[in-house]
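Structure first, then comments.
In our numbering, the protein residues as written are 594 to 904.
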């Protein structure tokens, strides 16, 4: 479906590699002018290489598209504002924001440092806010816009060793739902994607860690038995078509949703809803009563995702 984003202007953070690069390039193919935003750092957030974003820009322009590079950091409000301003200065408007920027600092919760926690939260959660907040100022004025954020199964069902990452990604889902309600009245939609794809971030997870997670029974959202960590053969470019769909006019009625996207599958993730309930006729719970009713109904059949192991 060529040219479905003709005349649109998009910002893609984390667009230098992996999923973000695929999104930026496909959006350009679909006719959008793209701000390719990436610091070019390492998976853990260290270092910087401005050529990473520029190479994606070169690929786009050589194919006949329009793009500019941006190496501002998403972790500060000033950086987020400058990223938005880059779109205005170069293309005169903004229609789409896609927030793919991210880093990893995996460690078991009892070993995680404050710095590892803060850095991951800053890039993923705050970095989503800084860009989306400033984009929404424009979107409110023009009464249109698309916000597409990136979550993870780690934030939806949990992955061992990713307390910082999982908390950030879960926060992004909640943030996106609030943005959807704040901005829907202005003709703006906001949705999040939990992808499975082979990226540098996945490659950075040791095989042993993936095996530990599998043995720990980390659940698959899709229910197909595929562990969330077992995604080393999925093309990151495969996520881009659905992102472009959400950014298009075809998806104008889709708002506040979360999708799991991988390979040949796109799944709508259910909204959290009460599944079971117990109540007391006296209006005041006693522990013995809770124990009986929870055991017989409320928690009956619930599996422990990480049962105790023999030492």
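Note that the Cβ used here is the ideal one computed from N, Cα and C, for glycine as well.
The three-state secondary structure of residue 870, taken from DSSP, is coil. Residue 604 sits in a strand when the DSSP states are folded into three classes. Look at residue 697 here: in three-state DSSP terms it is coil, with no helix or strand label. Under DSSP, residue 838 shares a beta bridge with no residue. Contact annotation: residue 829 and residue 604 have beta-carbon atoms that are not nearer than 8 Å. For residue 730, the secondary structure class from DSSP, reduced to helix, strand or coil, is helix. With contacts defined by Cβ atoms closer than 8 Å, residue 646 and residue 653 do not form a contacting pair. Residue 615: member of the alpha helix (DSSP H) spanning 611-622, first to last residue. Burial is judged here by how many other beta carbons sit within 10 angstroms of a residue's own beta carbon; residue 684 has at least 16 and is buried.
Excluding five sequence positions before and after residue 723, the CB atoms of its chain that fall closer than 6 Å to its own CB belong to 667, 670 and 673, given in chain order. Residue 846 carries a coil assignment under DSSP once its states are collapsed to helix, strand and coil. Non-local C-beta neighbours of residue 779 in its own chain, meaning closer than 7 Å and more than five positions away in sequence, comprise 732, 733 and 736, ordered along the chain. Pairing residue 609 with residue 629 gives a Cβ-Cβ distance under 8 Å. The stretch 764-775 makes contact with the stretch 847-867, as at least three CB pairs between them are under 8 Å. The beta-carbon distance between residue 761 and residue 714, rounded to whole angstroms, is 5 Å. This is short enough to meet the 8 Å contact definition. In the DSSP assignment, residue 861 forms a beta bridge with 852. Beta-bridge analysis with DSSP links residue 780 to no other residue. Distance from the CA of residue 768 to the CA of residue 742, rounded to the nearest whole angstrom, comes to 9 Å.
Residue 648 sits in a helix when the DSSP states are folded into three classes.
In this chain, the alpha helix (DSSP H) harbouring residue 675 covers 670-684. Residue 626: member of the beta strand (DSSP E) spanning 626-630, first to last residue. Annotation: residue 691 is outside any alpha helix (DSSP H); the continuous beta strand (DSSP E) that includes it extends over 689-692. For residue 755, the beta-bridge partners assigned by DSSP are 700. Beta-carbon to beta-carbon, residue 729 and residue 766 are separated by about 17 Å, too far to satisfy the 8 Å threshold. Residue pairing from DSSP places residue 659 in a beta bridge opposite 626. Counting the other Cβ atoms within 10 Å of the Cβ of residue 879 gives fewer than 16, which makes it exposed.
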